[in-house]
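> Numbering (my numbering), first residue to last: 58 to 507.
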Amino acid sequence: MTERCDVVVVGAGPAGLAAARAAASHGAEVALIDMQANAGGQVWRRDVRRPWPDPARDRLDALLDGDRVRWLGQAQVIAAGPGRVLVEQAGIAYELEYGALVLATGARELLLPFPRWTLPGVTGVGGLQALVKQGWPIAGKRVLIAGSGPLLLAAADTARRHGARVVAICEQAPAAQLRAFAGQLWRWPGKLAQAAALRARLLGAPYRADTWVAAAHGDGRVAEVELHGARGVERVGVDHLAVGYGLVPNLELAQQLGCELQAHGAHASVRVDADLRTNVAGVYAAGEACGIGGRDCALVEGAMAGHAAAGAPEAARALRPQRQRARAFAALLPEHFALRAQIADAATADSVVCRCEDVRLGELDAHADWRAAKLATRCGMGSCQGRICGAALAQLRGAAFAPSAGAGARPPVFPVPLAALAASAVSLHEAPPLAASAPITHSAPQGTVP
Ligand SMILES: Cc1cc2nc3c(=O)[nH]c(=O)nc-3n(C[C@H](O)[C@H](O)[C@H](O)COP(=O)(O)OP(=O)(O)OC[C@H]3O[C@@H](n4cnc5c(N)ncnc54)[C@H](O)[C@@H]3O)c2cc1C
58 MTERCDVVVV
68 GAGPAGLAAA
78 RAAASHGAEV
88 ALIDMQANAG
98 GQVWRRDVRR
108 PWPDPARDRL
118 DALLDGDRVR
128 WLGQAQVIAA
138 GPGRVLVEQA
148 GIAYELEYGA
158 LVLATGAREL
168 LLPFPRWTLP
178 GVTGVGGLQA
188 LVKQGWPIAG
198 KRVLIAGSGP
208 LLLAAADTAR
218 RHGARVVAIC
228 EQAPAAQLRA
238 FAGQLWRWPG
248 KLAQAAALRA
258 RLLGAPYRAD
268 TWVAAAHGDG
278 RVAEVELHGA
288 RGVERVGVDH
298 LAVGYGLVPN
308 LELAQQLGCE
318 LQAHGAHASV
328 RVDADLRTNV
338 AGVYAAGEAC
348 GIGGRDCALV
358 EGAMAGHAAA
368 GAPEAARALR
378 PQRQRARAFA
388 ALLPEHFALR
398 AQIADAATAD
408 SVVCRCEDVR
418 LGELDAHADW
428 RAAKLATRCG
438 MGSCQGRICG
448 AALAQLRGAA
458 FAPSAGAGAR
468 PPVFPVPLAA
478 LAASAVSLHE
488 APPLAASAPI
498 THSAPQGTVP
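Structural data, given as structure tokens:
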């Protein structure tokens, strides 16, 4: 089965929703695809215990009001190539041909290993937020949230609203850096208001700068967290520990297409021009995929990519000043929340790094890069396909261990039942061809607008 749309948008977070809306406003036929059941991406993930409407629902309803946008929920794009993508939905795989493609695939958390981080009761910060919104019981539990970046506050807020006792929010960045960050927020009044509202809702939850997790302890599940930092070493009793060190862009489809990437330290994002075009004809990228920028940045970039993809570059260009402002804010994040060396030092040779294949950090010592490590140890070859350990190793061992440094990600980018391919008579041999991996360039720092 092959169908065709003028514009295919992958991802229905803020960037994808804005892209679909902008493209449809020029009369384009749009397919909006997301692997989640509900639109909204990470920031507007549906909270099962809260009533509709939410910003994502409103936006999706408005989109579906006309007949130009097809919403494909619980559908994952498992391969992408020139002019077509391969979609798996409800056990059936089918091709969609596109005139233009917008990659609004978002980001995932950067999780770094420390002793016993795989104990039950330890999750990522965004992971905790997602679990809680999906109905996971947290009321009355002692929760410690640690790592780095603004997501710590958002996750603490969600946990508290669902009845958790937030025993501490531990930010690894030094207090002076945080003051410097806060001192700049007046330039973005909306962000300042958001931050102030969050802090007000979190009154009574201790916020500690200069503090990081060195280990988790517990017999069968986490019971204590060992914290290092400004107050020396201490142990805090918990029922749940959430740790996350910021976000890294999802690049697999961009890599398959041969899109050029740009490096930000050990990680990378899709390189786009001022109209959100990648170097591959007809392929655009927007939001976190182009570098971590947050919701407002994703919204404006999505709109720009949608306009441009529908052949209305003037409408896209009118939004450039907004994008510049949003990206200027984004540039503050790596500057003020840079990870201190002690975070990497917390991982010992015995720490599990690839939890799918049970590979420990010390087992990788003999290998020079990601590819060699994979071949010898099966690191990154489990069901998550290196999504977690690849980013962790890039951070701990440098860019040679970044999955983005190797050959383009192979199809399928997510596990898919063979029956799905068989049922639709599409095999991976017929999947869109794997483009040669484009080089990663190092010229533009994160957050700059080319
Ligand atoms: C776990 C997590 C929690 C977060 N929580 C917050 C928060 O509370 N507040 C906040 O301000 N920011 C939060 N963020 C930051 C968030 O990334 C941005 O603020 C915003 O959601 C970015 O929008 P986006 O559209 O670029 O990406 P996203 O919102 O991440 O949307 C990308 C979408 O693409 C879909 N997708 C990706 N690949 C495929 C594929 N191959 N096939 C089909 N669908 C695909 C994903 O399912 C996702 O819905 C969070 C980030 C993460 C990773």
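Don't be surprised by glycine CBs; every beta carbon is placed ideally from N, CA and C.
(1) State the Cα-Cα distance for the pair Ala212 and Leu74, rounded to the nearest angstrom.
(2) Cβ of Ala80 within 7 Å of any heavy atom in ligand 1?
(3) If you draw a straight line from the C-alpha of Gly277 to the C-alpha of Met92, how long is it?
(4) Quick one: what does DSSP say His424 is sitting in, helix, strand or coil?
(5) Ignoring anything shorter than 3 residues or poking outside the region 348–428, list the beta strand (DSSP E) runs there in chain order.
(6) Return the Cβ separation of Ile400 and Leu169 in integer angstroms, given the expectation that the two are a contact with Cβ distance under 8 Å.
(7) For the region 186–272, which segments carrying the beta strand (DSSP E) assignment without a break, of at least 3 residues, lie completely within its bounds, in sequence order?
(8) To the nearest angstrom, how far is the alpha carbon of Phe394 from that of Gly156?
(9) So what does Pro306 bridge to, in DSSP terms?
(10) Report the option in Pro460, Leu453, Gly455 whose CA atom is closest to the CA atom of Arg441.
(11) Going by C-alpha distance, which of Val282, Ala366, Gln313, Arg256 is nearest Asp332?
(12) Please report the distance separating the alpha-carbon of Asp122 from that of Ala132.
(13) Measuring from the CB of Met438, is there a heavy atom of ligand 1 at a distance below 7 Å?
(14) Decide if Pro391 is buried, meaning its Cβ has at least 16 other Cβ atoms within 10 Å, or exposed.
(15) Applying the 10 Å Cβ sphere with the 16-neighbour rule, what's the burial state of Asp63?
(16) Using only the alpha-carbon positions, how far apart do Asn307 and Gly443 sit?
(17) Is it a yes or a no for the region 349–359 touching the region 379–390, going by three-plus beta-carbon pairs under 8 Å?
(18) Who are the Cβ neighbours of Val337 in its own chain at under 7 Å, not counting the five residues just before and after it?
(19) If Lys248 sits next to Phe386, beta carbons under 8 Å apart, how far is it from one beta carbon to the other, in whole angstroms?
(20) Taking C-alpha atoms, which residue in Asp124, Asn95, Thr162, Glu60 lies nearest to Val67?
(21) Is Asn336 close to ligand 1? I mean its beta-carbon at under 7 Å from any heavy atom of the ligand.
(22) Does the beta carbon of Ile90 fall short of 7 Å from some heavy atom of ligand 1?
(23) Under 7 Å: does the beta carbon of Leu304 sit that close to some heavy atom of ligand 1?
(24) Measure the CB-CB distance between Gly359 and Gly339 and report whether it falls below 8 Å.
(25) Let me check one thing: in DSSP terms, what residues is Ala342 bridge-paired to?
(26) What does Pro180 pair with, by DSSP beta-bridge criteria?
From the atom records:
(1) As a first step, residue 212 must be located in the sequence shown, where it is residue number 155. As a first step, residue 74 must be located in the sequence shown, where it is residue number 17. Their backbone Cα atoms lie some 23 Å apart in a straight line.
(2) Residue mapping note: residue 80 aligns to position 23 of the sequence shown, counting from 1. No, the beta carbon of Ala80 sits no closer than 7 Å to any heavy atom of ligand 1.
(3) By one-based count along the sequence shown, residue 277 stands at place 220. By one-based count along the sequence shown, residue 92 stands at place 35. When rounded, the distance between both Cα atoms is 33 Å.
(4) Taking the first residue of the sequence shown as 1, we reach residue 424 at position 367. Note: His424 maps to coil in three-state DSSP.
(5) 409–411
(6) Here residue 400 refers to the residue found at position 343 of the sequence shown. Here residue 169 refers to the residue found at position 112 of the sequence shown. Confirmed, Cβ separation roughly 6 Å.
(7) 199–204, 222–228
(8) If you number the sequence shown from 1, residue 394 lands on position 337. If you number the sequence shown from 1, residue 156 lands on position 99. One C-alpha to the other measures close to 39 Å.
(9) The residue given as residue 306 occupies position 249 in the sequence shown. Its beta-bridge partners are Ala164.
(10) Position 384 of the sequence shown, counting from 1, holds the residue named residue 441. It should be pointed out that residue 441 corresponds to Cys in this sequence rather than to Arg. The shortest Cα separation from Cys441 among Pro460, Leu453, Gly455 belongs to Pro460.
(11) For the purposes of this step, residue 332 is identified with residue 275 of the sequence shown, where counting begins at 1. That would be Ala366, whose Cα lies nearest to the Cα of Asp332.
(12) Locating residue 122 in the sequence shown gives position 65, counting from the first residue. Locating residue 132 in the sequence shown gives position 75, counting from the first residue. Distance between the alpha carbons of Asp122 and Ala132 is about 21 Å.
(13) Along the sequence shown, one-based indexing puts residue 438 at 381. No, the Cβ of Met438 stays beyond 7 Å of every heavy atom of ligand 1.
(14) What you label residue 391 is simply residue 334 of the sequence shown in a count that begins at 1. Pro391 comes out buried.
(15) Residue numbering aside, residue 63 sits at position 6 when the sequence shown is read from its first letter. The residue is buried, with at least 16 neighbouring Cβ atoms inside 10 Å.
(16) Mapped onto the sequence shown, residue 307 falls at position 250. Mapped onto the sequence shown, residue 443 falls at position 386. So the two alpha carbons sit approximately 12 Å from each other.
(17) yes
(18) As a first step, residue 337 is located in the sequence shown; it is residue number 280 there, counting from the start. Cβ contact annotation for Val337 (same chain, cutoff 7 Å, sequence separation greater than five): Leu314, Gly315, Cys316, in chain order.
(19) As a position in the sequence shown, residue 248 is number 191, starting the count at 1. As a position in the sequence shown, residue 386 is number 329, starting the count at 1. Indeed, because the Cβ distance is near 6 Å, the residues count as touching under 8 Å.
(20) In the sequence shown, the residue the question calls residue 67 occupies position 10. Of the listed residues, the one whose Cα sits closest to Val67 is Thr162.
(21) The residue given as residue 336 occupies position 279 in the sequence shown. It does not: the Cβ of Asn336 is nowhere closer than 7 Å to a heavy atom of ligand 1.
(22) Taking the first residue of the sequence shown as 1, we reach residue 90 at position 33. Answer for Ile90: yes, Cβ within range of ligand 1.
(23) The sequence position of residue 304 within the sequence shown is 247, counting from 1. For Leu304, the shortest separation between its Cβ and any heavy atom of ligand 1 lies below 7 Å.
(24) Mapped onto the sequence shown, residue 359 falls at position 302. Mapped onto the sequence shown, residue 339 falls at position 282. Not in contact: Gly359 and Gly339 (Cβ atoms no closer than 8 Å).
(25) For the purposes of this step, residue 342 is identified with residue 285 of the sequence shown, where counting begins at 1. DSSP output for Ala342 lists Leu160 as bridge partner(s).
(26) Position 123 of the sequence shown, counted from the first residue, corresponds to residue 180. One point to set straight first is that residue 180 is Thr, not Pro, in the sequence displayed. Paired residues: Ala299.
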